[in-house]
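The numbering used here applies: residue 402 is where the sequence shown begins, and numbers increase by one.
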Amino acid sequence: MDPDEPLWWITRDGDLDCLELYERHYSAHRYADGRQRTRFTGPGETLVLRTKAGDAMLVWRRFVDGSGECGINCAVFRNESAHRSSDLIRQADAIADRVWACRRHYTYVNPEKIASTNPGFCFLAAGWRRLDRRTGSGLRILERIRA
């Protein structure tokens, strides 16, 4: 695979392939009353990325985060494609850098909901780092600061 080949396509909140991927993500919000969702990004300024085949997705969000974290949040990332997750994350970082220049990227990982013994490894392999602190609910915080 050509490392410069674009893997991501910009799409919209409500993209049906992305919605299906989101529903399989551990962090997917379930409505108590059983409503079916049609959107998945949440409030704020968002950028939804998907692979051409619709087998991977990533959502960037710029919003007021109640945890106090600042920057651009990777709200959801799911990869069911053959592409290496770290390659997808690196390209998504480059896209977000064009949209929101000089902004910190961060995400949360729930180690209790992930089968990996190294939660967030794909982000670490993409050049991110794990912070020592966690959120009040125990989520790990990972970040990438543009050099």
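Glycine included, C-beta positions come from ideal geometry on N, C-alpha and C.
Under the rule that 16 or more other beta-carbon atoms within 10 Å means buried, what is residue i, buried or exposed?
i	result
Ala-433	exposed
Gly-401	In the structure displayed, the chain extends from 402 to 548; residue 401 sits before or after that span and is not available.
Leu-417	exposed
Ile-546	exposed
Arg-425	exposed
Gln-492	buried
Ile-490	buried
Thr-452	buried
Arg-541	buried
Thr-439	exposed
With H, G and I counted as helix, E and B as strand and the rest as coil, what does DSSP make of residue i?
i	result
Ile-411	strand
Val-510	strand
Ile-473	strand
Arg-425	coil
Gly-491	It is worth fixing the name first, because residue 491 is Arg in this sequence and not Gly. In this structure, Arg-491 counts as helix in the three-state DSSP scheme.
Ile-515	coil
Arg-541	strand
Arg-479	strand
Ala-457	strand
Arg-499	helix
Asp-416	coil
Would you mind reading off the limits of the beta strand (DSSP E) that contains residue i?
i	result
Asp-533	530-535
Leu-450	446-452
Under DSSP, the alpha helix (DSSP H) around residue i begins and ends at which residues?
i	result
Phe-464	Careful: Phe-464 lies outside any alpha helix (DSSP H) and carries neither H nor E.
Leu-525	522-526
Arg-547	Neither: Arg-547 is in no alpha helix (DSSP H) and is coded neither H nor E.
Verify the contact flag: residue i, CB atom, against every heavy atom of the ligand FAD, threshold strictly below 8 Å.
i	result
Cys-503	Although the ligand FAD was asked about, the structure shown includes no ligands whatsoever.
Note to self: Using a Cβ distance threshold of 8 Å, determine whether the region 517-529 contacts the region 433-444, with at least three qualifying pairs required.
What the structure shows: no
Margin query: Taking contact to mean 3 or more Cβ pairs, one atom from each stretch, closer than 8 Å, check whether the region 497-511 and the region 472-483 are in contact.
Written below: yes
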